[in-house]
Amino acid sequence: MIPHDEAHIPTFDDAALEREWQAQESAMRRERLQLDPAGDDARSRRYRLIARSLRQPPAESLPADFAQQLARRVGAAPKATPAGTSFESRLTLVLASTLVIAAVAVVAIYGQAWLPSFAELLPKPPATRWLLALAGCIGGSWLLGFWQQRPHS
Amino acid sequence: MGPLNPQIRAAPDRLQPPACNRSGDARIHDSMDDIRQADRTLVDAVLANRPGAFERLVREYQGLCWHIIQRMVRHPEDARELCQDTFLRVHQCLHQYRYESALKSWIGRIAFTIALRHLQHKRIALVEPGGDDGESLVDSIGDGFDLEAACADEETARHLHEAIEALPPLQRTLLTLYYLEETSIPEIARITGMAAGTIKSHLFRSRLRLRDALETRTGVAA
């Protein structure tokens with residue numbers, strides 16, 4: 020049981036209300052510890068009776084095999100995915116790889132003709148280095164975030 | 012998780028800021044560290060798909076979820092379905108759990124939010140408009156009370172249970188968390204998203220109301 024952190028609970032500014040609250044709290048603790056009610060005053064005994072009722076679990080409950088059923092259902096979930104899913108993801112991977120290889124080939128064959136004109140558009144060093152460092156940081160953070168958020172398999 | 016009903020964000024009246032308690036803070040910190048370590052072990056096992064890990068997690072927290080949801084919706088069939096939804100959501104979102112609060116609070120918050128949305132969907136009020144005035148109840152409740160007679164009287168116990176059932180869903184749930192689950196007020200605050208002062212105010216008024224019901228009953232019996 021976590022101990023009560025009363026440091027974060029405000030007090031009533033009315034002394035009578037705060038006394039009543041303290042009586043409620045004391046009765047709850049005494050009932051929880053099952054202390055002898057002989058020394059309790061009438062108010063405390065009243066609140067202990069309420070505490071006793073509130074500590075009784077509801078008559079209805081979840082089925083005994085609720086956790087087992089749910090675990091089975093969750094375990095069966097990946098098998099229920101459509102059969103085409105893995106084929107689709109493999110096809111996507113192949114297409115993406117083809118696109119990357121084609122892009123590299125185009126740059127290698129025709130790059131010398133148009134890359135210098137792109138290089139002239141870029142800011143002069145050392146600004147280029149800072150821009151590349153910034154882009155690297157953003158890319159790195161994005162990849163890290165993506166890796167942390169993906170479900171562990 | 013979505014925003015809460017504005018009704019339950021109402022600021023508590025007649026409450027003052029708390030005093031500081033350093034030794035208490037240290038004790039709570041140590042206890043929380045132990046809980047976080049146990050949470051981490053369980054969460055890692057579930058995320059690694061270790062056999063039986065998710066079932067263990069459900070078994071560990073199904074009581075908490077049941078108590079929250081059952082007390083909120085009071086319909087056994089709906090409550091069972093919502094409990095299932097809660098754990099399916101937990102399984103789906105567990106990789107997003109960042110250990111910023113205890114796993115109990117995180118799961119309890121999901122259960123509370125799911126039950127809250129259910130009540131909102133069914134247009135069931137979470138709290139009574141207006142509410143009781145704590146001060147006037149403190150003044151009006153007398154001390155003439157025969158405890159022995161009340162304990163011996165099964166009718167009184169039944170009457171008290173009826174009075175608990177008659178409380179608004181939010182107050183029932185707060186009392187259940189506080190008494191049955193022995194959840195502290197700061198932890199209830201994390202589960203419900205309400206301020207500690209608001210929770211204290213609700214608990215105070217609910218207990219006064221139950222005490223009043225008890226007095227009325229013994230008055231009638233006499």
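Those protein sequence lines, which keep their order, are chains A and B. Heads up, the first sequence is in the numbering used here, so the first residue is 20 and it goes up one at a time. Heads up, the second sequence is in the numbering used here, so the first residue is 12 and it goes up one at a time. Glycine included, C-beta positions come from ideal geometry on N, C-alpha and C.
{"Check": "Any chance the region 43 to 54 of chain B sits against the region 86 to 100 of chain B, with 3 or more Cβ pairs inside 8 Å?", "Outcome": "no"}
{"Check": "Below 9 Å between beta carbons is the criterion; list the residues of the region 59 to 73 of chain A that meet it against any residue of chain B, in chain order.", "Outcome": "Asp59, Asp60, Ala61, Arg62, Arg64, Arg65, Tyr66, Arg67, Leu68, Ile69, Ala70, Arg71, Ser72 and Leu73"}
{"Check": "Measuring only from the beta carbon, is leucine 110(A) closer than 7 Å to any heavy atom that is part of the ligand COA?", "Outcome": "Judged by which ligands are present, the structure shown has none, so any question about the ligand COA falls away."}
{"Check": "Do the region 99 to 116 of chain B and the region 181 to 189 of chain B meet, that is, are 3 or more Cβ pairs less than 8 Å apart?", "Outcome": "no"}
{"Check": "Confirm, please, whether the CB-CB distance from aspartate 89(B) to histidine 129(B) is below 8 Å.", "Outcome": "yes"}
{"Check": "Looking at chain B, is there any beta carbon in it that lies within less than 8 Å of the beta carbon of leucine 89(A)?", "Outcome": "yes"}
{"Check": "Since tyrosine 190(B) meets chain A, which of its residues come closer than 8 Å, beta carbon to beta carbon?", "Outcome": "Met47, Ala70, Leu73 and Arg74"}
{"Check": "Starting from the C-beta of valine 69(B), find all residues in its chain whose C-beta is less than 6 Å away, skip the five residues before and the five after it, and write them out in chain order.", "Outcome": "Phe98"}
{"Check": "Determine the closest residue to tyrosine 190(B) out of Phe31(A), Arg51(A) and Asp32(A), with distance taken between C-alpha atoms.", "Outcome": "Arg51(A)"}
{"Check": "Say whether the region 113 to 129 of chain B touches the region 68 to 83 of chain B, bearing in mind that this needs 3 or more beta-carbon pairs closer than 8 Å, one atom from each stretch.", "Outcome": "yes"}
{"Check": "Using a beta-carbon distance below 8 Å, is glutamine 95(B) in contact with chain A?", "Outcome": "yes"}
{"Check": "Once the 5 residues before and after phenylalanine 65(B) are set aside, which same chain residues still bring their CB inside 7 Å of it?", "Outcome": "Val57 and His102"}
{"Check": "Suppose contacts are defined by Cβ-Cβ distances below 8 Å. Is glutamate 39(A) in contact with threonine 30(A) by that definition?", "Outcome": "no"}
{"Check": "Using only CA atoms, which one of Ala207(B), Leu75(B), Leu225(B) and Arg218(B) lies nearest to glutamate 193(B)?", "Outcome": "Leu75(B)"}
{"Check": "At a Cβ cut of 7 Å, what residues of the region 134 to 162 of chain A count as close to chain B, listed as they run along the chain?", "Outcome": "none"}
{"Check": "Starting from serine 112(B), follow the alpha helix (DSSP H) in both directions and report where the run begins and ends.", "Outcome": "From DSSP, serine 112(B) is part of no alpha helix (DSSP H); its letter is neither H nor E."}
{"Check": "Would you mind working out which of Leu219(B), Met83(B), Leu221(B) and Glu176(B) sits nearest arginine 134(B), comparing C-alpha positions?", "Outcome": "Met83(B)"}
{"Check": "Within 10 angstroms of the Cβ of serine 212(B), are there 16 or more other Cβ atoms? Answer buried if so, exposed if not.", "Outcome": "buried"}
{"Check": "Would a check of beta-carbon distances place isoleucine 175(B) closer than 8 Å to chain A?", "Outcome": "yes"}
{"Check": "Spatial neighbours of serine 132(A) within its chain, please: C-beta separation below 7 Å, excluding the five flanking residues on both sides.", "Outcome": "The residue you asked about is not serine; residue 132(A) is alanine in the sequence shown. Same-chain partners within the cutoff: there are none."}
{"Check": "Return the chain-ordered ranges of every alpha helix (DSSP H) run that is complete within the region 102 to 171 of chain A and spans a minimum of 4 residues.", "Outcome": "103 to 140 and 146 to 168"}
{"Check": "Between the C-alpha atoms of threonine 100(A) and isoleucine 79(B), what's the straight-line distance to the nearest angstrom?", "Outcome": "Because threonine 100(A) carries a pLDDT of 49, less than 50, the predicted location of this residue cannot be relied on, and the following value inherits that uncertainty. When rounded, the distance between both Cα atoms is 32 Å."}
{"Check": "Please return the same chain residues whose Cβ sits closer than 6 Å to the Cβ of isoleucine 199(B), not counting the five positions on each side in sequence.", "Outcome": "Leu188 and Ile210"}
{"Check": "Taking 8 Å as the CB-CB cut-off, is phenylalanine 123(B) touching chain A?", "Outcome": "no"}
{"Check": "Identify whether threonine 30(A) lies in helix, strand or coil by the three-state DSSP scheme.", "Outcome": "strand"}
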